[in-house]
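*Asks:* Heads up: the sequence shown runs through residues 1 to 279, numbered per the UniProt record's numbering. Here a beta-carbon is modelled for each residue, glycine too, at the ideal position from N, C-alpha and C. Can you keep this structure in mind? I'll have questions shortly.
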Amino acid sequence: MKTQERKHVTIRWMRVTGGWTFTGRLGGSVVAGALEYQSLDWAVGDVTGLGRVLGLGLDSQEQQAHPRPLEGSSHSRYPPPGVSSPNSSRPSTPSTSASSSFNIQKPAERPHSPSQISPSEAARIIAHLRDKSVDELRKLLSDKAVYNQFLLSVDQIRDELRKETLQLARNNLDKEPQIVELRNQCGIIRTTELAAALEKLNDLERQKEEILKFYPPASFINRLQDATNKTDKESDAVHRQLLEKEIDIGTFMQKYKKLRTSYHRRALTHFAAKSSPIA
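Here it is, written out as structure tokens:
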């Protein structure tokens, strides 16, 4: 753990996996969160840069009292962002690598939180974080569900979520006239177009019932079976005529092909009729 103390600045740093956590005061505001800096030397040195990361604006007097001490300083192992060291081939640390767990959020991973936390609420959050162990803090930074639960425990965030919920409810109520209008249009369609379609369907059903009275399915299947057997016998008779040389081969091919085609068509129709639910 390292402590940075200057005029108007008191920040305590604790090493965790992937960066540092910090708590304290900066420019008259209570701050707490985590940074993904690989080097604590640059992180604790860049006071005004830390204020920008956290969304805290230092006035001109504070900025003059806290210049960036590590720009051009030989005490830092890493140069400030955007400046390459002449004695090192390592790339400079990008300023976008720093992130605050309260002020800079990834929309796809963490819920929206206000850009500024009131001092009293921030003090309550810090007091709550001080009671947590290192493992609990790590879980807070890595577990989305735990992080969301912690955010919902903040009164200011909970109040904003309540306001947004109320606004969504008001928007739904504003759309009620449109919903009623669409429901009325559906009722009109149901009583006009749908009623006409149902009437036509019922008329076709009545016609089907009348036809089935004159041609019962069982009687139709029996008559179709008789016609199939008759065609089969006729084709056999034509075949015997050919064997007995009563007809020539040309006449046989013409009659036999016609009879066998009719036979197979009637046989397939008979099979389909027997498989039908009506039968």
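With DSSP collapsed to three states, give me the class of Thr192.
*Replies:* Coil.
*Asks:* Please report the straight-line C-alpha distance between Tyr215 and Lys208, rounded to a whole angstrom.
*Replies:* About 10 Å.
*Asks:* Suppose you measure from the CA of Glu164 to the CA of Glu121; what does that come to, to the nearest Å?
*Replies:* Cα to Cα, the separation comes out at about 20 Å.
*Asks:* For Arg266, count the other beta carbons within 10 Å of its own beta carbon; 16 or more makes it buried, fewer makes it exposed. Which is it?
*Replies:* Answer is buried; the Cβ neighbour count reaches 16.
*Asks:* Is it the case that the region 210-230 contacts the region 255-271, given that we only count it when at least three CB pairs across the two stretches are under 8 Å?
*Replies:* Result yes; three or more Cβ-Cβ pairs closer than 8 Å.
*Asks:* Tell me which same chain residues have a C-beta within less than 6 Å of the C-beta of Gln241, skipping the five on either side of it?
*Replies:* For Gln241, where only same-chain residues beyond five positions count, the Cβ hits under 6 Å are Ile247.
*Asks:* Is it right to say Val238 is buried, meaning 16 or more other beta carbons lie within 10 angstroms of its own, or is it exposed?
*Replies:* Buried.
*Asks:* For the UniProt domain "VPS37 C-terminal" (198-279), which segments carrying the alpha helix (DSSP H) assignment without a break, of at least 4 residues, lie completely within its bounds, in sequence order?
*Replies:* Fully enclosed alpha helix (DSSP H) runs of 4 or longer: 217-243 and 249-275.
*Asks:* Would you give the residue range spanned by the alpha helix (DSSP H) that Asp155 belongs to?
*Replies:* Asp155 to Asp174 is the extent of the alpha helix (DSSP H) around Asp155.
*Asks:* Only counting the same chain, and skipping five residues up and downstream in sequence, which positions put a Cβ closer than 8 Å to that of Lys213?
*Replies:* Excluding residues within five positions, none has a Cβ falling inside 8 Å.
*Asks:* With 16 as the cutoff for other CB atoms within 10 Å, does Ile125 come out buried or exposed?
*Replies:* Buried, since its Cβ has 16 or more Cβ neighbours within 10 Å.
*Asks:* Could you tell me if His270 is buried or exposed, where buried requires 16 or more neighbouring beta carbons within 10 angstroms of its beta carbon?
*Replies:* Result: buried.
*Asks:* By how many angstroms is the C-alpha of Ala127 removed from the C-alpha of Val146?
*Replies:* C-alpha separation (whole angstroms): 18 Å.
*Asks:* Within 10 Å of its beta-carbon, does Val154 have 16 or more other beta-carbons around it, so buried, or fewer, so exposed?
*Replies:* Per the 10 Å Cβ criterion, buried.
*Asks:* Specify, as a first and last residue, the run of the alpha helix (DSSP H) that Asp135 falls within.
*Replies:* From DSSP, the alpha helix (DSSP H) with Asp135 extends over Val134 to Ser142.
*Asks:* Around the Cβ of Leu152, are there at least 16 other Cβ atoms within 10 angstroms (buried) or fewer (exposed)?
*Replies:* Exposed: under 16 other Cβ atoms inside 10 Å.
*Asks:* Report yes if the C-beta distance between Thr23 and Leu129 is below 8 Å; otherwise report no.
*Replies:* In this structure, Leu129 lies closer than 8 Å to Thr23 by Cβ.
*Asks:* Please look up how many angstroms separate the CB atoms of Leu198 and Ser235, rounded, as I've assumed it's under 8 Å.
*Replies:* Incorrect: roughly 49 Å between the Cβ atoms, too far for contact.
*Asks:* Compare the Cα-Cα distances from Ser219 to each of Lys274, Glu160 and Arg170 and report the closest residue.
*Replies:* Taking only the C-alpha atoms, the option nearest Ser219 is Lys274.
*Asks:* Report the rounded CA-to-CA distance for Asn202 versus Ile189, giving the unit in angstroms.
*Replies:* For Asn202 and Ile189, the distance between alpha carbons rounds to 19 Å.
*Asks:* Between the C-alpha atoms of Ala195 and Leu204, what's the straight-line distance to the nearest angstrom?
*Replies:* Rounded to whole angstroms, Ala195 to Leu204 spans 14 Å at the Cα level.
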